[in-house]
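Q: Just add 134 to wherever you are in the sequence shown, counting from 1, and you've got this note's numbering.
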Amino acid sequence: MLEGSLHKRIAVLSSLLTSAILASLIVVGSRNLNHFDAALVGYTFATLFATFGITYRYAMWLQRPPTRMYWRRGWSVFLTPRFLGSNLLEASRRFFVAFAANRFIFRRGRLRGLAHWLIMWGCVLAAIITFPLVWGWIHFETVPGRLDLYRTYIFGFPLNTFPIESLTGFVIFHGLVWSAFLVIAGVMLAFRRRMVDHAAVTLQLFVEDVLPLILLFAISITGLMLTASYTWIKGYGYDFLAILHAIIVIVTLLYLPFGKLFHIFQRPAQIGVAFYKEAGTRGPQAACQRCGRPYASAMRR
Numbered sequence: 135m136l137e138g139s140l141h142k143r144i145a146v147l148s149s150l151l152t153s154a155i156l157a158s159l160i161v162v163g164s165r166n167l168n169h170f171d172a173a174l175v176g177y178t179f180a181t182l183f184a185t186f187g188i189t190y191r192y193a194m195w196l197q198r199p200p201t202r203m204y205w206r207r208g209w210s211v212f213l214t215p216r217f218l219g220s221n222l223l224e225a226s227r228r229f230f231v232a233f234a235a236n237r238f239i240f241r242r243g244r245l246r247g248l249a250h251w252l253i254m255w256g257c258v259l260a261a262i263i264t265f266p267l268v269w270g271w272i273h274f275e276t277v278p279g280r281l282d283l284y285r286t287y288i289f290g291f292p293l294n295t296f297p298i299e300s301l302t303g304f305v306i307f308h309g310l311v312w313s314a315f316l317v318i319a320g321v322m323l324a325f326r327r328r329m330v331d332h333a334a335v336t337l338q339l340f341v342e343d344v345l346p347l348i349l350l351f352a353i354s355i356t357g358l359m360l361t362a363s364y365t366w367i368k369g370y371g372y373d374f375l376a377i378l379h380a381i382i383v384i385v386t387l388l389y390l391p392f393g394k395l396f397h398i399f400q401r402p403a404q405i406g407v408a409f410y411k412e413a414g415t416r417g418p419q420a421a422c423q424r425c426g427r428p429y430a431s432a433m434r435r
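(1) Leaving out five residues on either side along the sequence, give the residues of the same chain with a beta carbon under 6 Å from the beta carbon of L174.
(2) Nearest CA to the CA of I398: which residue from D171, I306, I253 and F186?
(3) Report yes if the CB atom of W312 is closer than 9 Å to the CB atom of L349, and no otherwise.
(4) Does the stretch 136-151 come into contact with the stretch 179-193, if we say contact requires no fewer than three beta-carbon pairs (one atom in each stretch) closer than 8 Å?
(5) Between G371, F212 and P200, which lies nearest to I224 when the distance is taken from Cα to Cα?
(6) Thinking C-beta only, is F325 closer than 9 Å to G256?
(7) Using a Cβ-Cβ cut-off of 7 Å (strictly less than) and excluding sequence neighbours within five positions of S363, which residues of its own chain qualify?
(8) Going by alpha carbons, who is nearest to I155 out of W209, L182, I306 and L387?
(9) Contact check, A249 vs L323 under 8 Å by CB: the rounded distance?
(10) Considering only residues of the same chain and omitting the five flanking positions on each side of Y177, which have a CB-CB separation below 6 Å?
(11) Start and end of the alpha helix (DSSP H) containing F351?
(12) Skipping 5 residues on each side, what residues in its chain have a beta carbon closer than 8 Å to that of S300?
(13) Let me know the secondary structure DSSP gives T286 once reduced to three states.
(14) Helix, strand or coil, according to DSSP, for T276 in the structure here?
(15) What is the DSSP secondary structure of T214, counted as helix, strand or coil?
(16) Using C-beta distances below 8 Å, list every residue in its chain close to T356, excluding the 5 sequence neighbours before and after it, in chain order.
(17) In whole angstroms, give me the CA-to-CA distance for G320 and L140.
(18) Starting from the Cα of A145, find the closest Cα among R228, A180, L283 and W195 and give me that residue.
(19) Among the residues of its own chain, which have a CB less than 8 Å from the CB of V317, if the five just before and after it don't count?
(20) Grab the span of the alpha helix (DSSP H) containing P266 for me, first residue to last.
(21) Can you look up P297 in the DSSP assignment and give me helix, strand or coil?
(22) Could you pull the start and end residues of the alpha helix (DSSP H) that H332 belongs to?
(23) The ligand ADP and G163: does any heavy atom of the ligand fall closer than 8 Å to the residue's C-beta?
(24) Which of the three DSSP states, helix, strand or coil, is assigned to F170?
(25) What did DSSP end up calling F230 once you bin it into helix, strand or coil?
(26) From the DSSP secondary-structure annotation, give me the bridge partner or partners of F291.
(27) By DSSP, does L147 sit in helix, in strand, or in coil?
(28) Straight-line CA distance for L293 to T201?
(29) If we ignore side chains and look at the alpha-carbon of each, how far apart do F304 and P297 end up?
(30) For the putative contact between I272 and Y287, defined by C-beta atoms under 8 Å, what is the C-beta separation to the nearest angstrom?
(31) Can you grab the Cα-Cα spacing for the pair R439 / P266, in whole Å?
(32) Would you call the CB atoms of A443 and L387 closer than 9 Å?
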């Protein structure tokens, strides 16, 4: 009981600290909220809540005995001075192969791997674009005296200038459109698998397996409808679509710490576990006292 209470206190303090750091970065990055859009305050509070919940769950997960053992020994192995250079190279290789390329999913099936890859990179692209804009870290202004040019500001510092009516401008301002296309394609492939794969159907749960896909699909579709509204139909229904889109995004952010999407934050640590296990095979092995055959790494004994 006392140990469990201590773990919860550590998790709560870690969550409060992480949320406070993010809130401070929002204030500093938006130049004391000068570049913060008050209309997006709902998104901001949702991300702060999600940050608190994700940190709390992650801290509790790390304090479980098996996870704590792998976490500590994994870092110990990784930071060994004699192997640090090779470990950095191996970690980079694993990051690109396991995370960026999703090879561990493609091994289970090409369409399954493609669905996961499309959804992951669609979400990553959307996050890279959305969160800095919502938090005021990035904003665009017209160049004084040149209404045909936009200047990008990051943390209040000017970065680059580009014509509004240019390929660069088109790609930048439609970044969320490209991410929505990726997510929708991935969600369709994921739903197809759940309809034709009887093993997947028997094991899936609505809240864990179906709801995340519905939320991602709804975010992408309503986002595309917003683009269509102001691009082709003169803003018809834009206010309603903006509110609907905001509600779905906020619900998804609040769902992050509690549902299956939490594995997004667990996966990098699991890559470290695989790295630790492989490093253990290169070192001394624990042998069975009866037959003398090695059965595991001595580090894991």
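Every residue, glycine too, gets a C-beta built ideally from N, C-alpha and C. As the structure is a computational prediction, the values presented were derived from the model and not from experiment.
A: On the basis of the data shown:
(1) By 1-based counting over the sequence shown, the position of residue 174 is 40. Cβ neighbours of L174 beyond the five flanking positions: V268.
(2) In the sequence shown, residue 398 corresponds to position 264, counting from 1. The shortest C-alpha separation from I398 is found at I253.
(3) Numbered from its first residue, the sequence shown carries residue 312 at position 178. Numbered from its first residue, the sequence shown carries residue 349 at position 215. No, Cβ-Cβ distance for W312 and L349 is not below 9 Å.
(4) By the criterion of at least three beta-carbon pairs nearer than 8 Å, the stretch 136-151 is in contact with the stretch 179-193.
(5) Walking along the sequence shown from the start, residue 224 turns up at place 90. Here residue 224 turns out to be Glu, not Ile, going by the sequence shown. The residue with the shortest Cα to Cα distance from E224 is F212.
(6) As a first step, residue 256 is located in the sequence shown; it is residue number 122 there, counting from the start. As a first step, residue 325 is located in the sequence shown; it is residue number 191 there, counting from the start. It is not a contact, given that the beta carbons lie outside the stated cut-off.
(7) Position 229 of the sequence shown, counted from the first residue, corresponds to residue 363. Around S363: G369, Y370, G371, Y372 and L375.
(8) Position 21 of the sequence shown, counting from 1, holds the residue named residue 155. When only C-alpha atoms are compared, the closest one is L182.
(9) Position 115 of the sequence shown, counted from the first residue, corresponds to residue 249. Position 189 of the sequence shown, counted from the first residue, corresponds to residue 323. 4 Å between Cβ atoms; contact.
(10) Here residue 177 refers to the residue found at position 43 of the sequence shown. Counting only Cβ-Cβ distances below 6 Å, and skipping sequence neighbours, we find V268.
(11) Taking the sequence shown and counting its residues from 1, the one referred to as residue 351 is at position 217. Unbroken alpha helix (DSSP H) run through F351: L345 to W366.
(12) Counting from one through the sequence shown, the residue named residue 300 turns up at place 166. So the list is empty, once near-sequence residues are dropped.
(13) Your numbering for residue 286 matches position 152 in the sequence shown. Of the three classes helix, strand and coil, the one that applies to T286 here is strand, per DSSP.
(14) Position 142 of the sequence shown, counted from the first residue, corresponds to residue 276. Collapsing the DSSP output to three states places T276 in a strand.
(15) For the purposes of this step, residue 214 is identified with residue 80 of the sequence shown, where counting begins at 1. Residue state, collapsed to three classes: coil.
(16) As a first step, residue 356 is located in the sequence shown; it is residue number 222 there, counting from the start. Leaving aside the five residues that flank T356 on each side, the residues in its chain whose CB is nearer than 8 Å to its CB run, in chain order, L375, L378, H379 and I382.
(17) Your numbering for residue 320 matches position 186 in the sequence shown. Your numbering for residue 140 matches position 6 in the sequence shown. Roughly 41 Å between the two C-alpha positions.
(18) If you number the sequence shown from 1, residue 145 lands on position 11. Checked all of R228, A180, L283 and W195; the closest Cα to A145 is W195.
(19) The sequence position of residue 317 within the sequence shown is 183, counting from 1. Hits under 8 Å: L252, I253, G256, C257, A260, L350, F351, I353 and S354.
(20) Your numbering for residue 266 matches position 132 in the sequence shown. Run containing P266: R244 to V268, per the alpha helix (DSSP H) assignment.
(21) Against the sequence shown, residue 297 aligns to sequence position 163. In the structure shown, P297 sits in a strand (DSSP, three-state: E or B).
(22) As a first step, residue 332 is located in the sequence shown; it is residue number 198 there, counting from the start. Residue range H332 to L337 is occupied by the alpha helix (DSSP H) that includes H332.
(23) The ligand ADP is absent from the structure shown, which contains no ligand whatsoever.
(24) Locating residue 170 in the sequence shown gives position 36, counting from the first residue. In the structure shown, F170 sits in coil (DSSP, three-state: anything other than H, G, I, E or B).
(25) The sequence position of residue 230 within the sequence shown is 96, counting from 1. Under the three-state reduction of DSSP output, F230 falls in the helix class.
(26) As a first step, residue 291 must be located in the sequence shown, where it is residue number 157. DSSP lists I288 as partners of F291.
(27) Taking the first residue of the sequence shown as position 1, residue 147 is located at position 13. L147 falls in the helix class under three-state DSSP.
(28) Numbered from 1 along the sequence shown, position 159 holds the residue referred to as residue 293. Numbered from 1 along the sequence shown, position 67 holds the residue referred to as residue 201. The alpha-carbon atoms of L293 and T201 are separated by roughly 42 Å.
(29) Taking the sequence shown and counting its residues from 1, the one referred to as residue 304 is at position 170. Taking the sequence shown and counting its residues from 1, the one referred to as residue 297 is at position 163. Cα to Cα, the separation comes out at about 10 Å.
(30) In the sequence shown, counting from the first residue as 1, residue 272 sits at position 138. In the sequence shown, counting from the first residue as 1, residue 287 sits at position 153. Contact holds; Cβ gap of about 7 Å.
(31) This structure cannot settle anything about residue 439, because the visible part of the chain is limited to 135 through 435.
(32) The question about residue 443 has no answer, for the chain in this structure spans 135 to 435.
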